[in-house]
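Sequential numbering from 0 applies to the sequence shown in numbering that gives the first Met the number 0.
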Amino acid sequence: MDRAMHPIPAFGRLMAAQLLLILTALFALITVGTPAAAAASVQNENMTVSLEAGPAHSGARTIAIVLTPKPGWHTYWKNPGAAGVESRAEWTLPPGATASDLRYPVPDRFVVAGIMNYVFKTERALLVDIDGLPASGEIGLTFDYLVCDDEICVPESANLAANLSDIGVEAGRIGRWQADQPTAHDGDARVEVQGDRLRLSLAVPQISAVSDAYFFPAVDGVVDYSAPQTASIAGDRIVIETATGFNPDADSVPGVVKLMLEGGETLGLAVDAEPGSVEAAGTPLLGGADETDPASGTGAGPATAPAPPLPLIFLAALAGGLLLNIMPCVFPILSLKALSLAKGGVSERAARSEALFYSLGVIGAVLALGGALLALRAGGSTVGWAFQLQDPRIVAALLLLVTAIALNLAGLFELPAIAVGADGLAASGGRSGAFFTGILAAVVATPCTGPFMGAALGAALVLSPLAAMMIFGGLGLGLALPFLVIGFVPALRRRLPRPGAWMERLRRLLSIPMFVTAVALAWVLGQQAGADGLSIGIAAAVLLGLALWWLGGARRKLIPAAASAAVFLTVLAVPTTLSNVGSADAAEGTVLAAAPYSPAALSDLQAAGDPVFLYFTADWCITCKVNERGALSSAAVADHFKSRGIRTLVGDWTRSDPKITAFLTSHGRAGVPLYIYYDREGRETILPQILSADDLLALGSGQDA
């Protein structure tokens, strides 16, 4: 066919690029919460935050942010270690006043499942020096932090405000907080990296009184947090050795060396080690390889259940991505791309190029989404996998995209990226079409999770950024692998059915699961944004369909620039409009009598000795909905739970819920579904992500009702 007589491919490429730009921009949006009322002291659920002010000295005052966690809870140092979040402070000060950076006290070590964290488990204070304060000026502080116990993490916020004359305390109390700060080390400190080992040495006075030493790096990536540290004495110097992290190369290595002294006392030294030669290890210090903190009593003991090795996590992500190909929103795209390679006249080089660029599109999109997830978490947001689907604006954009794909497959218009008509591979847009199709496959696969994938992505969130991106790359590779293999193995292509008129009929048939996906997304939009949001989404989808039919079906050169702009504005306007639409109650029950999850509800049931089945779901999670329509809707399961006295709690993650995100993270999960059973003694069992009725009927079988 003469391409000059077929203007649709050029428009299709333009429209596709515009849709991709819109989706990329929307991925960056996050919801901003409303601050609570301000006070000089705020008692949140798990920690109390208070302001104290020391005496004024020449217009400068030291302000203490006093943190008092509940017994059994902890918050984090400025470098939280392998997991956790640094606290954030935003000041409101009188004109001309300036605040220094937060000054942290010496932290403690805390190990959970082999993961090392740097924390505060008792009352501590972060200090800030503020210049230019009047004697009785008003100050305000918004303080965001993460607080955790041994099982769950909860992000909290304190909105504080006070007059300086009301929060002044005696110098002795501020002196107590000053004493908790590390002492500046005025001696020589050197660091040396040899292969995968980092060695640090520093001169220490009264070295004979030191019984142990531990290095807390102030920057991320310098050391492997969970690796043991060995400490020894070489002359008048302490030598500490450990494994390097993902980024050990630096001009200097700042941090705190915590010395355990005779009699149980501790001393923190703030060091800024410069690169240099480090002497050989000397006499080992007692407990140098121990991962507890005997001086403070806040260590978690030896590491338990070490994290799986990185290659195993990578393979789990690869398997999870492979299974995504059978999902109804991905399978039609994969099938049509595979059949496009079965057409005659496709060279070996063209087939490999097609497969390679499709794979690059898939892997690139998954890496981009994974990178955005890591960046948001590093910025303090409590998000998990598929976080973008918690925003109705993103769901609306996906609804329009999937609608366009479904209409294309149904023959309403031609989108060259996935065309399999008479032009075959040439009509599919070649490398650019394959690349964009890969992006499409990755984007529409985001609502799905399954076996292997949940645990792999959960592990990625506690690994270094480089290791985490390797896991996301494994997920993308698994999703791309079937088409990649078909493109590079001629014998497999020869086994594909011969082309013919049946391919067009198959294409129409494959539009059905895409329409089903569009209906599911519309339903999710209604759950998130209510009837008004659903009406807006459906109206936009209809308008988009009419525009594509007119431009693609009529095949007329009717001011394509204006028409393209109309489609662009339609897609852009819908998510913007939805930002002002209220949400509906998204909770949907099964045959189980489920109560909403909260940490308090779970604790109350366990305190009463009840067995508990706890599950986390979301309306946009296809796997969740399959389980809820199947095993969780079984009358036999409901009768079994009733006879055994099993109580059910459900956490709805359709829209972002920090408490649910924290619970998922604490259980090594980056998304839903998650199914957990607690017996009468509180023992925890994590169930498969693909549930069967037999899995649920086995719960509580060894206990009396």
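From the three backbone atoms N, C-alpha and C, an ideal C-beta is built for every residue, glycine too.
Taking the C-beta atoms as reference points, L411 is found nearer than 8 Å to L547. Here L465 is exposed. Its C-beta has fewer than 16 other C-beta atoms within 10 Å.
Rounded to whole angstroms, the gap between the alpha carbons of L408 and P481 is 21 Å.
Between A316 and G281, the gap from beta carbon to beta carbon reaches 8 Å or more. With respect to the C-alpha of V209, the residue from D235, F471 and Y357 having the closest C-alpha is D235. The residues V48, A88 and A157, in chain order, have a CB closer than 6 Å to that of F142 in the same chain once the five nearest residues on each side in sequence are set aside. Contact check between the segment 213 to 223 and the segment 238 to 253: three or more CB pairs, one atom from each, fall below 8 Å, which counts as touching.
Cβ atoms of D179 and R123 come within 8 Å of each other, at about 6 Å. Restricting attention to L322, R679, G629 and L543, the CA atom closest to the CA of L690 is found in G629.
Residue nearest to R506 within the set L321, K336, P598 and V649 is K336 (criterion: CA-CA distance). Only residues of its own chain outside the window of five on either side were considered, and among them D271, A272 and E273 have a CB closer than 7 Å to the CB of S251, listed in chain order. Following the DSSP letters along the chain, one finds V65 inside the beta strand (DSSP E) bounded by residues A59 to P68. Around L201, the same chain offers H184, G186, D187, A188, R189, R236, I237, V256, L268, V270 and A272 as residues with beta carbons nearer than 8 Å, after the five sequence neighbours per side are excluded. R493 has no beta-bridge partner at all, per DSSP. According to the DSSP assignment, I393 belongs to the alpha helix (DSSP H) that extends over P391 to L408. At a Cβ-Cβ threshold of 8 Å, G699 and I645 count as neighbours. The three-state reading of DSSP puts N626 in helix, counting H, G and I together. Shown here, H639 sits in a helix according to DSSP, grouped into three states. Counting along the chain, no alpha helix (DSSP H) covers A617, and no H or E run does either. Spanning the alpha carbons of L545 and L508 requires a straight line of approximately 21 Å. Here M326 carries a coil assignment [DSSP, helix/strand/coil].
Using a 10 angstroms sphere on the CB of R196, the tally of other CB atoms stays under 16, which defines it as exposed.
With fewer than 16 other Cβ atoms from the protein chains shown falling within 10 Å of its own Cβ, H56 counts as exposed.
Excluding its 5 nearest sequence neighbours in each direction, K69 has C-beta neighbours in its own chain below 6 Å: N45, listed in chain order.
DSSP places L483 in the uninterrupted alpha helix (DSSP H) bounded by P464 to F487. Boundaries of the alpha helix (DSSP H) around F662: P657 to S665.
By the 16-neighbour rule on beta-carbons within 10 angstroms, D603 is exposed. Rounded to whole angstroms, the Cβ separation of D165 and V111 is 39 Å, and the two are not in contact under 8 Å. In the DSSP assignment, A233 is bridged to R236.
Among the bridge pairs identified by DSSP, T141 is matched with E89 and N158.
Pairing L92 with G53, the inter-Cα distance amounts to about 16 Å. For L132, there is no enclosing beta strand (DSSP E), since its DSSP letter is neither H nor E.
Per DSSP, reduced to three states, the secondary structure at G536 is helical.
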